[in-house]
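Scroll down for the structure; my scribbles are underneath it.
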Amino acid sequence: MVHAFLIHTLRATKAEEGLCRVLYSCFFGTENSPNDAQPHGAERDRLLRKEQILAVARQVESMCQLQLQACGRPAVDLQPQSSDDLVHLRESPCGAFRLTAGDPFQEPRTVVWLGVLSLGFALVLNAHENLLLAEGTLRLLARLLLEHLRLLVPTASLLLRADYIEGILTRFLPHGQLLFLNDQFVQGLEKEFSAAWPR
Amino acid sequence: MFTTGEESLLRQARELRDEELGRLCARVCALLQEEDWGPDAPDALRRLFLIVSATKYNRRLERPCMALLQTTLCSPTCPEQLQLLCAAVLREMSPCDSLSLSCDHIQNTRQLGLVASVLLAQGDQQQVRSLGQRVLKVLESRQPEGPSLRHLLPVVSKVTSLAPDALREEQTRALSKRLGDWLRYASVQQAVAHSSGGFFSTPRARQLGPVTEVDGAVATDFFTVLSTGQRFTEDQWLNVQAFSMLRAWLLDSGPGGSSAPDADDKSELEGSTLSVLSATSTAGHLLPPQQWLREKAFEYCQRLLEQSNRRALKKADSDLQKACLVEAVLVLDVLCQQDPSFLYRTLSCLKPLHMRLRGDPAWVRALLPVAQFFLHHGEAAAVDAEAVYQHLFTRIPAEHFHSPMLAFEFVQFCRDSLPLFGRNLGVLRTSFPNLFKFLAWNSPPLTSDFVVLLPSLVDAGTAVEMLHLLLDLPCLTAALDLQLRSLQAASERPPWDVSIRAPGCLEALRDSQVQGLFQHLLRAHASGTVERLTPLYRLLQPLAGCARVVQCAEAVPTLLRAFFSAVTQFADGALASQLSLLLLERSDSLYQVPGYEAGVHRVLSSQFPALCELHPPLVVEQAKELLEFVGGPRSGGHVLTAVVWAIGEYLSVSWDRRCTVEQINNFFEALEALLFEVTQSRPSAALPRCPPQVVTVLMTTLTKLASRSQDLIPRVSLLLSKMRTLAQSPAAGPVPGEEGARAAHTRATELLNLLKMPSVAQFVFTPSVEVSEPRYHRDTNTALPLVLRTVSRLVEREAGLLPG
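Protein chains in written order, with the UniProt record's numbering: chain D, 1 to 199; chain U, 1 to 804.
Here's what the structure looks like:
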């Protein structure tokens, strides 16, 4: 099961200006914390979740930078090309790392990440998951988001497109459930998605 | 691609003032209250979502706005886009105490799913349980029309993982039964497609025929996730959902899962003995639900194993086949753990599967769950396990170290399976050179895992070899890079560092001596021998600047510390001796990566004294080598400081009866010469300025030795006075900087004062065992420098009282 999904900015090298910003994040259920239902406890919970996501985003960014550095790939790789985005996805840097209990989530988790076009996509999973499936799902989500949000266009942004992202997530990762979807199922869902949307 | 426009949008959203947010809320309220929601409503809601989610601090939305969002979400006529946005905003605000959302009256399953996502985000166990009950009620009632039950199964799965006691026993059993049905008995015909002709043509239902396999052939057996078609029926969707949640469901609801103890347990056991006796799958619904589900799950996994053998027409399907295979093996593992009667049948399909997978590099990631299965069920599969591990640890790391996902999974497998290895731990231990290849190539994500793994990998037999390999890890990275370049044809995206060219290296590899060393470095198993790799360092020098090599070099100090903390747990005197010698030998024989030597020296300089502490006689045992080290050429100050300190501390009869006065005198002479050398010579490029610690530790050690062999006292007093004079003129002096010179001066004075009372000196510098245990001088209040200062002041005061 997926615990959280996030999209964040990805700088190609540490030297670039700017900070790592989380552009979209979504939790599927909460971690089991002891039952304290005080109001300030609720705010603290939300603050904690946001900080956890930011911590994951920063780690993903640094892992991606290190991987690109190690392969000697030039920073220009992360700029959008006008060519086929499927090729991009095949070759995009991708990896996984483990988070120990307490740092930053209560339980040990695994993060699977993918870096595409200066955006980082990451899934926070439970500790023992089918990583092949997770990787496949992550690539699928990235492709769908790139296509439907037309992110290859230089002026595109995903900040004010939460409804698209949610629409894709409810179909392809419902409540954090990783689905075994073969190509025909994916096409069927995509058609359903396009049909349900006004534009 | 994150433009300044986006950055400023985010900042605006974060810094939006409360009044403006209030205005937006009011606008949202107005728009949502309209009869038909126009395009402005989604726009406003998108903005609201951005504002709420952009900041980590809480945003307050007005009560009417919150209420309206909830109403809109539950409204049956609301378009999906708006529902999604409302749910997203409500989820972002969670946990939220002003939520009055209830799932009780929602009929539409898709909407119910959305409401569920908001409720699950509240973190309230009671709400989770009642949500589970409601969803289950909807599932149980017959709902033939409308969007289907497939929106609900993920909710059930999530609820049981968050609140394992949310469902009652009979509900779990009922759902298990239905899951079994969905898995096994989904329709094998493709869904009917209604062709919409024109106004005049009658709508004709076209039968598209049976579903197909991924390779295009007609399906030979029941429907699974690897069956394709143009359109899918609802029960086929449920089949996909059911398999996707199967493993978690089996774990949560099986014996040992957290559901309440089953009064039905006995009947389950009886059911399982039944299946032992009848090897074929059972007929009819005579089985209790849990057993029914397990049986159907077993058949499903068997079918998946067969389907994964086909050659898929599309790449995406091929990837899915691998994921399905992995999942099938994992589910079979769970089934066999819950009900050992499945073991016999499982083994008979897994053995041929293993043979098939071994030969195909594209399926290498699927080998890991198979190996894990053999680990879990070792006794029953004893014969095969050995061969499985041999193949796993010998071939896979050597051939696939450059794949980051496989490297991660492999290391996780080792880590998680450690308690299960049992007598096969030896195979893991002797394969450490191969395992280190993963680490050398992918150091950033794997370092912390190896820190956890190291204590189990190292034992007395392999410690020396492992330390050599750890110190050579960056060299291993470079060697692997070179190996890849030599083996692989140039492809578009080669795995090695393309920014660095190494033209001469491949040529130089042809030399047979170098080949031998190269092969030794790239060995798969611990060889028990140690080779000096200096020629290889020279050859691989062009690759030392590779980013990958540098990353590995940065990880090594951490690994060394983990290694030593593991080794000191079990090392005996002989091993400690060996390792300390190794440290000295290797301290100036390292692959030259920028910054590497300094990092390693820092670790070695703290570990050498630790080893001496573990086995104090080693200083006397290795006296000859230590003398050579002190007398010979060396580069860094850290290791030297540590060695000199250790000599001063442990070269005495109280630590080792074999210590002779002659040895002390020899060391004294060598250290005296060293002190002259570092203080008299002008700093040059070859011999950098030595840090003040070296000078002070030399002086202290010489004094310590003198206190043990009292004939040396006059010599050392002379030496110390000379040092004091030298230190007084910092500009010309040997010690850089004012502070360093002052420290040297003070130390020399203190030592001189102490030497005026030889018996006190002896007591201070060589405390007997009763005094030094329990090591009072660990405490900062009684540390040696402080003692020296105190005694010094006492002496000076006394000297002032005495006439003359």
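Cβ atoms here follow ideal geometry from the backbone N, Cα and C, with glycine treated the same way.
Open item on the list: Would the stretch 159-175 of chain D count as touching the stretch 447-456 of chain U if we require 3 or more Cβ pairs under 8 Å?
Closed with: no
Task: Interface positions of the stretch 300-320 of chain U facing chain D (Cβ-Cβ less than 7 Å), listed along the chain - done: Those residues of the stretch 300-320 of chain U that come within reach of chain D (Cβ to Cβ, closer than 7 Å) are 314, 316, 317, 319 and 320.
- [ ] Starting from residue 621 (chain U), follow its DSSP beta bridges and name the residues at the other end.
- [x] Answer is none; residue 621 (chain U) lacks a bridge partner.
TODO: Report the three-state DSSP secondary structure of residue 7 (chain D) (helix, strand or coil).
DONE: strand
- [ ] Please say whether residue 397 (chain U) and residue 357 (chain U) have beta carbons closer to each other than 8 Å?
- [x] The answer is no: Cβ separation not under 8 Å.
- [ ] On the DSSP bridge assignment, give the partners of residue 24 (chain D) in chain order.
- [x] D:7.
- [ ] Report the option in U:339, U:74 and U:355 whose CA atom is closest to the CA atom of residue 810 (chain U).
- [x] The shown model of chain U, from 1 to 804, leaves out residue 810 (chain U), and the question about it has no answer.
Open item on the list: For a test of the three-state rule: what should DSSP assign to residue 189 (chain U), helix, strand or coil?
Closed with: strand
Task: CB contact check: residue 15 (chain U) to chain D, cutoff 8 Å - done: no
TODO: Check residue 266 (chain U) in the structure and name its three-state DSSP category.
DONE: Annotation note: pLDDT 43 at residue 266 (chain U) (below 50); position unreliable, coordinate value reported separately. If DSSP states are grouped into helix, strand and coil, residue 266 (chain U) belongs with the helices.
- [ ] Closer than 7 Å by beta-carbon distance: list the chain U residues that pair up with residue 166 (chain D), in chain order.
- [x] 84 and 88
- [ ] Take the Cβ of residue 362 (chain U) as the centre, count every other Cβ of all protein chains shown within 10 Å, and call the residue buried at 16 or more, exposed below.
- [x] exposed
Task: Beta carbon of residue 696 (chain U) nearer than 8 Å to that of residue 727 (chain U) - done: It is not a contact, given that the beta carbons lie outside the stated cut-off.
Task: Chain-ordered chain U contacts of residue 50 (chain D) [CB-CB under 7 Å] - done: 56
Open item on the list: Please list, in chain order, the chain U residues whose beta carbon lies closer than 8 Å to that of residue 175 (chain D).
Closed with: Those within 8 Å of residue 175 (chain D) in chain U are 113, 116, 117, 120, 154, 155, 157 and 158.
- [ ] Kindly indicate the opening and closing residues of the beta strand (DSSP E) around residue 110 (chain D).
- [x] 109-116
Open item on the list: Here's the rule: buried if 16 or more other CB atoms are within 10 angstroms of the residue's CB, otherwise exposed. What is residue 139 (chain D)?
Closed with: buried
TODO: Throw me the rounded Cβ distance for the residue 648 (chain U) and residue 700 (chain U) pair, which I believe falls under 8 Å.
DONE: With 8 Å as the limit, residue 648 (chain U) and residue 700 (chain U) qualify as a contact, their Cβ atoms being about 6 Å apart.
Open item on the list: Using 8 Å for Cβ pairs, my map puts residue 158 (chain D) next to residue 116 (chain D). What's the rounded Cβ distance?
Closed with: With 8 Å as the limit, residue 158 (chain D) and residue 116 (chain D) do not qualify as a contact, their Cβ atoms being about 12 Å apart.
Open item on the list: By the three-class DSSP mapping on this structure, what secondary structure does residue 157 (chain U) have?
Closed with: helix
Open item on the list: If you reduce the DSSP assignment to three classes, tell me which class residue 213 (chain U) lands in.
Closed with: When DSSP states are grouped into helix, strand and coil, residue 213 (chain U) belongs to the strand group.
Open item on the list: Please confirm whether residue 135 (chain D) has its beta-carbon closer than 8 Å to some beta-carbon of chain U.
Closed with: yes
Open item on the list: Taking 7 Å as the limit between beta carbons, can you name the residues of its chain near residue 724 (chain U), skipping five residues before and five after?
Closed with: 745, 748 and 749
- [ ] Determine the burial state of residue 615 (chain U): buried for a count of at least 16 other Cβ atoms within 10 Å of its Cβ, exposed for fewer.
- [x] buried
Open item on the list: Can you tell me where the beta strand (DSSP E) holding residue 215 (chain D) begins and where it ends?
Closed with: Because residue 215 (chain D) is not part of the residues shown, which for chain D are 1 to 199, the question remains open.
TODO: Determine, using beta carbons only, whether residue 707 (chain U) and residue 765 (chain U) come nearer to each other than 8 Å.
DONE: Less than 8 Å divides the Cβ of residue 707 (chain U) from the Cβ of residue 765 (chain U).
Task: Where residue 464 (chain U) meets chain B, residues with beta-carbon distance less than 9 Å - done: In the structure shown, chain B cannot be found, because the protein chains are D and U.
Task: Three-way DSSP call (helix, strand, coil) for residue 126 (chain D) in this model - done: strand
TODO: Find the residues of chain U that neighbour residue 195 (chain D), judging by a C-beta separation of less than 7 Å, and give them in chain order.
DONE: Result: empty, since nearest Cβ-Cβ is about 10 Å, beyond 7 Å.
- [ ] Check whether the Cβ of residue 46 (chain D) lies closer than 8 Å to any Cβ atom in chain U.
- [x] yes
Open item on the list: In whole angstroms, give me the CA-to-CA distance for residue 218 (chain U) and residue 211 (chain U).
Closed with: 6 Å
Open item on the list: Could you check whether the stretch 513-531 of chain U touches the stretch 556-569 of chain U, counting it as contact only if at least three pairs of C-beta atoms, one from each stretch, sit closer than 8 Å?
Closed with: no
Task: For residue 202 (chain U), three-class secondary structure by DSSP - done: Unreliable positioning characterises residue 202 (chain U) in this predicted model, as indicated by a pLDDT of 49, which lies under 50. The coordinate reading is nonetheless provided below. Looking at residue 202 (chain U) - three-state DSSP - the assignment turns out to be coil, as it is neither helix nor strand.
Task: residue 820 (chain U) to residue 307 (chain U) span [Cα, whole Å] - done: Residue 820 (chain U) is absent from the model: chain U starts at 1 and stops at 804.
Task: Contact residues within the stretch 90-105 of chain U, judged by C-beta distance below 9 Å to chain D - done: 91, 92, 93, 94, 95, 96 and 97
TODO: Just the chain U side, please: which residues come within less than 7 Å of residue 13 (chain D) by C-beta, in chain order?
DONE: The premise fails here: residue 13 (chain D) is roughly 11 Å from chain U at the closest Cβ pair, so nothing lies under 7 Å.
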